[in-house]
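Chemist: Remember, this note's numbering sits 4 above the position in the sequence shown when you count from 1.
Heads up, the beta-carbon is just placed ideally off N, CA and C, and yes, glycines get one too.
Quick caveat, the model's predicted, so the values are computed rather than measured.
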Amino acid sequence: MTVREAAKAIESKIIGWRREVHRHPELQLETVKTAALVSSALREMGIEVREGVGGNGVVGLLRGEAPSGAPGEAVRTIALRADMDALPVKEETGLPYASEVPGLMHACGHDAHVAMLLGAAQVLSDMRKQFRGNVKFIFQPGEEGAGGARLMIEDGCLEDPRPDAIVGAHVGSLWNVGNGQAGFRPGPLMAASDRFEVFVQGMGGHGAAPHASVDPVVVASHIVTALQLIVSREINPTEPAVVTVGAIQAGTANNIIPDTCLMKGTVRYMKRDLGPFIKKRITEIAGSVAAGMRAEAKVTYHFGYPPLVNDEDITNRVRASAAKIVGEDNVVTAGTTMGAEDMSYYLERVPGTFFAIGTGNEAKGIMYPNHHPKFDLDEEVLYLGTAIFVQACLDFLGEEGPYKEK
Ligand SMILES: [Zn+2]
Ligand SMILES: [Zn+2]
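(1) Can you name the start and end residues of the beta strand (DSSP E) that V63 belongs to?
(2) Compute the minimum distance between the beta carbon of D87 and the heavy atoms of ligand 2, and state whether it is under 7 Å.
(3) In three-state terms, what does DSSP make of I14?
(4) Straight-line CA distance for R199 to V293?
(5) Is there contact between the region 318 to 329 and the region 180 to 191, where contact requires at least three CB pairs shorter than 8 Å?
(6) Could you pull the DSSP bridge partners for E302 from this structure?
(7) If you follow the beta strand (DSSP E) that E55 is part of, which residue opens it and which one closes it?
(8) Please tell me whether, using a cut-off of 7 Å, the distance from the CB of C112 to the nearest non-hydrogen atom of ligand 1 is below it.
(9) Going by DSSP in three states, L122 sits in which element: helix, strand or coil?
(10) Measure the beta-carbon distance from V118 to H28 and round it to whole angstroms, keeping in mind my assumption that it falls under 8 Å.
(11) Give the secondary structure of C265 by DSSP, where H, G and I count as helix, E and B as strand, and everything else as coil.
(12) In this structure, how does DSSP classify R132 when only helix, strand and coil are distinguished?
(13) State yes or no: is the C-beta of E147 nearer than 7 Å to some heavy atom of ligand 2?
(14) Please report the residue range of the beta strand (DSSP E) in which F400 lies.
(15) Looking only at its own chain, which residues have a Cβ that is under 6 Å from the Cβ of T97, when we skip the five neighbours before and after it?
(16) Ligand 2 and H26: does any heavy atom of the ligand fall closer than 7 Å to the residue's C-beta?
(17) Could you name the residues of the same chain whose beta carbon sits closer than 7 Å to that of E30, not counting the 5 residues immediately before and after it, in chain order?
(18) What is the C-beta distance between R23 and D168, in whole angstroms, given that I count them as a contact (C-beta under 8 Å)?
(19) Thinking just about the alpha-carbon of each residue, which of E238, G291, A86 and A367 is nearest to the one in V223?
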C-alpha cells in the first residue's frame, strides 16, 4: 500500500474527526474538549501522550520500531504541528455539522488541521515497524492571537526529544494554492504582527473656541498622516512592511473638543530587525508631531508573532515528499502574505516548513476566505494533507535510517 492509499483508507475517519471538532469550536487557549478528543484518539493509537502542555495543548510521541541500524546510530525526530482554536464568528454555512456553540466557529480550518494530523498519527502508528526515529505530534491552542505556540515551547514541547525538523500546514485558499494542491515557499512566507497604541493628551473645550483648547483629534489626524511616511519614505521599498491605524477613538458630541484621543494600529514586516526600527519611529514621530502642536503623545508597542521564515532545505525536502503524493504538477510556489501565524515561533528554533493545502472548490460553492462566516473546506482534500505529512516523516527519518520505500 502506498502512503496515499493508506491515508485514503482512513479518509472517513479523518472527515469524522474534522466534523466532530467543527461542531464544538473553542476559543483561544480554552481548547479543553478538542484537547481531550485529540488525547484519547492518540492513546487509542498507542501513542505516548502528554496533556496540559502550555495550558490546553497536547503532545504525542511515536517511536518508530524498525530494527536498529549500526550501533550508536543517531535517532532523528520530526515534529508535526496543528492548531486547535476557532474564532468568534457566527457560522452561516448551514452545514449539518455546523457549530453547536453560539457565536463561535471553526472559520480558519483549524478543525481540518487537527483531523489531518490525527490521520497522520494513525497512519504512522500503523506502520511504526517500518521506520526508525520519532514523530512528535504537537497540537496547540491559541493560534489566533493568543500565541499558543510560545506557551507550548515554554512548556517544553520542543524538548525531550528535540525535533530536528518541524512541519505544519494551513488549509484554505491562502497564497493562491488551488484545490488539492500544496504550496511551498523557502524563506519568508508570512509577516510579523505587532500592535501599538498612541494616546494623545490634548485639552478639551468648547467646539466653538478651539483657540482655548488643544484639539487631540487634529493632532491624531496629523499623526496618522505622518506615520504613513515610515513605510513610504524610510524603509527600503524592496522590504515589505505595513503600518495601519485601524481605530481612532475620541469625543462625544459635535460641539465638544475632547481631552484625549486613542489610536490603535498594527505593524507587519518580513525582516525581523524592522520591528525595533518601526517601534522607534512611531514613538518619535507621534511624540514630536504632538509636541509641535502643544499636545502630548504616549506610545505603547507590543511585539507579537515574529515573521514566519521557512528553512530552505526542509522546505525543499517536504516539497519533494508532497510531489510523491499529489504529483509534481500540483506542487506550486506559495505566495507571501502579510498575515501572521504563530508557527513562526517553532520555526525560529527548529528548521522546518509551513505550507498551504488548497481546500477551496468553487464547483462545490466552497469559495469564501478564511475567517468568513461561510468559510468551508473541501473535505476530499484532507487525506492528501495527511499523506503529505506521513510521506514527509518517512522521507526525513528514512534519509539516513533503514526505511526504504516499498
Ligand atoms: Zn485564522
Ligand atoms: Zn489559521
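Modeler: Checking against the coordinates, here is how it stands:
(1) Unbroken beta strand (DSSP E) run through V63: G61 to R67.
(2) Yes - ligand 2 has a heavy atom lying nearer than 7 Å to the Cβ of D87.
(3) Looking at I14 - three-state DSSP - the assignment turns out to be coil, as it is neither helix nor strand.
(4) Using only the alpha carbons, I get a separation of about 20 Å.
(5) The answer is yes - the region 180 to 191 touches the region 318 to 329, with three or more Cβ pairs under 8 Å.
(6) According to the sequence provided, residue 302 is Lys. The question's Glu does not apply to it. F203.
(7) Residues E52 to V57.
(8) True, at least one ligand heavy atom lies under 7 Å from that Cβ.
(9) Annotated three-state conformation of L122 is helix, per DSSP.
(10) The C-beta distance from V118 to H28 rounds to 11 Å, too long to fall under 8 Å, and the pair is not in contact.
(11) In the three-state reduction of the DSSP assignment, C265 falls in the strand class, which pools E and B.
(12) Note: R132 maps to helix in three-state DSSP.
(13) Yes, the Cβ of E147 comes within 7 Å of a heavy atom of ligand 2.
(14) If you look at F400, you'll find it isn't in any beta strand (DSSP E); it sits in the alpha helix (DSSP H) that goes L386 to G402.
(15) Counting only Cβ-Cβ distances below 6 Å, and skipping sequence neighbours, we find K378 and D380.
(16) Distances taken from the Cβ of H26 to the heavy atoms of ligand 2 include none shorter than 7 Å.
(17) Within the same chain, E30 has close Cβ partners V36, K37, T38, D89 and A90.
(18) The beta-carbon distance between R23 and D168, rounded to whole angstroms, is 34 Å. This is too long to meet the 8 Å contact definition.
(19) Here the closest residue by C-alpha is G291.
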